[in-house]
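Under the UniProt record's numbering, the very last position in the sequence shown is 151; numbers go up by exactly one each time.
Heads up: the structure comes next, in structure tokens.
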Amino acid sequence: MNHQNIKIKTIQGVPMKKNMEELLTLYTTVFEDAIVTFFNDRITSKEDVVSIIAYINQVPVGFKIGYRYNENTFYSWVGGVLPKYRKQGIAKQLADRQEIVVKEKGYTKLRTKSMNRFKPMLILNLKNGFDIVQVYTNEKGQQKIVFEKEV
1 MNHQNIKIKT IQGVPMKKNM EELLTLYTTV FEDAIVTFFN DRITSKEDVV
51 SIIAYINQVP VGFKIGYRYN ENTFYSWVGG VLPKYRKQGI AKQLADRQEI
101 VVKEKGYTKL RTKSMNRFKP MLILNLKNGF DIVQVYTNEK GQQKIVFEKE
151 V
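Structure below.
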């Protein structure tokens with residue numbers, strides 16, 4: 001895939017209707033256990049929300065969403081790339097753009113979580129300089145791995 005065809009759009013705050021629909025479609029396609037009400041509640045209730053969408057020929061193919069965790073830390077909440085567009089560097093481009101935006105906003109740390117079943121995400125986080133800072137089991141019995149990095 002020619003990377004010149006990839007366009008990255010950054011959205012500050014709650015996305016407008018068209019972008020919200022694109023994000024929801026990506027979210028529900030990438031995650032088979034997606035809960036739309038949870039997604040809507042999170043994206044509309046958190047502070048300093050930043051959504052990033054990757055497009056190929058005007059078609060949304062990947063996304064990354066994060067928000068303020070605390071005064072110094074930005075939380076990279078959720079993201080993914082449609083299956084047929086994976087292994088083309090799109091997730092890396094989304095992560096790189098998020099890091100640039102986070103630095104511009106004055107945050108000094110980036111935090112994210114993942115699970116063992118998402119091996120490509122674990123690898124991407126480690127390759128992008130994140131350290132594992134915590135592992136815990138949540139109330140649903142899922143083991144979560146917490147990553148952080150200085151930005």
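Positions of the beta carbon are idealized from the N, C-alpha and C atoms, including for glycine.
Bridge partners for residue i per DSSP, in chain order?
{"i": "Q134", "result": "V146"}
Just checking my contact of residue i with residue j at CB under 8 Å: how many whole Å lie between their CB atoms?
{"i": "K46", "j": "Y27", "result": "At roughly 15 Å, the Cβ-Cβ gap does not stay under 8 Å, so K46 and Y27 are not in contact."}
{"i": "Q143", "j": "N125", "result": "Not confirmed; about 15 Å, so no contact."}
{"i": "I145", "j": "L122", "result": "7 Å"}
{"i": "V30", "j": "L82", "result": "7 Å"}
Please state whether DSSP places residue i in a helix, a strand or coil.
{"i": "M1", "result": "Bear in mind that a pLDDT of 47 at M1, under 50, signals an unreliable position, so the number given afterwards is only what the model happens to contain. Looking at M1 - three-state DSSP - the assignment turns out to be coil, as it is neither helix nor strand."}
Contained alpha helix (DSSP H) runs [length at least 4] in the UniProt domain "N-acetyltransferase" (6-151), N- to C-terminal order: 17-30, 36-45, 90-104, 119-127
Stretch-stretch touch, CB-based, cutoff 8 Å, three pairs: the segment 107-115 with the segment 55-64: no
Segment contact flag, the segment 27-41 with the segment 85-101, C-beta cutoff 8 Å, min 3 pairs: no
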